[in-house]
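Worksheet: one structure, shown below.
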Amino acid sequence: MTRQPQAMPLAFQASQNLNLPVRQNAERLPAYLLEQDRVLAALLEWEKLTPLGEGRFSYAVTSLKVFQLQINPVVSLKVDNCDGKLSIRATDSELKGLDLVDDFDLGLEAIMEATPKGLEGEALLSVSVTPPALLKLIPKGVLKSTGQSILSGILLGIKTRVGQQLVKDFSQWCQETPISSSEAAINSKQLGEE
1 MTRQPQAMPL
11 AFQASQNLNL
21 PVRQNAERLP
31 AYLLEQDRVL
41 AALLEWEKLT
51 PLGEGRFSYA
61 VTSLKVFQLQ
71 INPVVSLKVD
81 NCDGKLSIRA
91 TDSELKGLDL
101 VDDFDLGLEA
111 IMEATPKGLE
121 GEALLSVSVT
131 PPALLKLIPK
141 GVLKSTGQSI
151 LSGILLGIKT
161 RVGQQLVKDF
171 SQWCQETPIS
181 SSEAAINSKQ
191 LGEE
């Protein structure tokens, strides 16, 4: 009996940097980044997020159509705050509705930092997957460049939401939320470090 060679997994990644000036109330950014639910709702589509407990979320990534296949990734996210920084990382992932793939792995490492001038950050998004037999005839280079293009598009979409929706939400939060004593302590600590 001859064995079929195992298909090699494809791996691709994309990264995006953020340097976003915030002209008003930049000193309040560290306190705003502590509002994990609110910040994630501004970064991602809230209706696709499911809170799972302290700092943990499930996110149904927008459906993608790749070479006639409908792809619905679902990612478990872990969110942490430390020293004016918000970090988001994927802890688990799966493809919904595509039973042809059982080794899908989506990685996400993102950090956003409050600075005296605004927000800085970076995100790295990666995918490793063995292409299903339906895609066997498509050259590996085409699959890889398509995957990288999709990942870059996802990160660019998030960066655009940061520049628009997150800044708008931050401004609204500043109007709705009085400065607390703990926020004042954070602000004075940061001013002392400059």
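Position one of the sequence shown corresponds to residue 1 (the working numbering), numbered consecutively onward. By construction, the Cβ of each residue, glycine as well, lies at the ideal position given by its N, Cα and C atoms.
- Excluding residues up to 5 positions away in sequence, Ser-126 lie with their Cβ nearer than 6 Å to the Cβ of Gln-13 in the same chain.
- Note on geometry: alpha-carbon atoms of Arg-161 and Ala-31 lie some 20 Å from one another.
- Per DSSP, Val-167 is one residue of the alpha helix (DSSP H) stretching across 167-176.
- Residue nearest to Leu-119 within the set Leu-10, Asn-19, Val-39 and Glu-35 is Asn-19 (criterion: CA-CA distance).
- Apart from the 5 residues on each side of it in sequence, Ser-15 sits with its Cβ closer than 6 Å to the Cβ of Leu-124 in its chain, given in chain order.
- Assigned with DSSP and collapsed to three states, Arg-23 falls in coil, not helix or strand.
- Beyond the five residues adjoining it in sequence on each side, Lys-48 comes within less than 7 Å, by CB distance, of Tyr-59 and Ala-60 in the same chain, given in chain order.
- For Leu-18, the pairing in a beta bridge is given by DSSP as Gly-121.
- Residue pairing for Asp-92: DSSP places it in a beta bridge opposite Ser-76.
- Of the candidates Val-74, Glu-109 and Pro-9, the residue whose Cα lies closest to the Cα of Lys-85 is Glu-109.
- Residue pairing by DSSP puts Ile-111 in a beta bridge opposite Ser-87 and Glu-122.
- In the structure shown, the three-state DSSP call for Gly-55 is coil.
- Assignment of beta-bridge partners to Val-127 by DSSP yields Phe-12 and Leu-106.
- Here Gly-163 is exposed: its Cβ has fewer than 16 other Cβ atoms, across all protein chains shown, within 10 Å.
- With 16 or more neighbouring CB atoms inside 10 Å of its own CB, Val-129 falls in the buried class.
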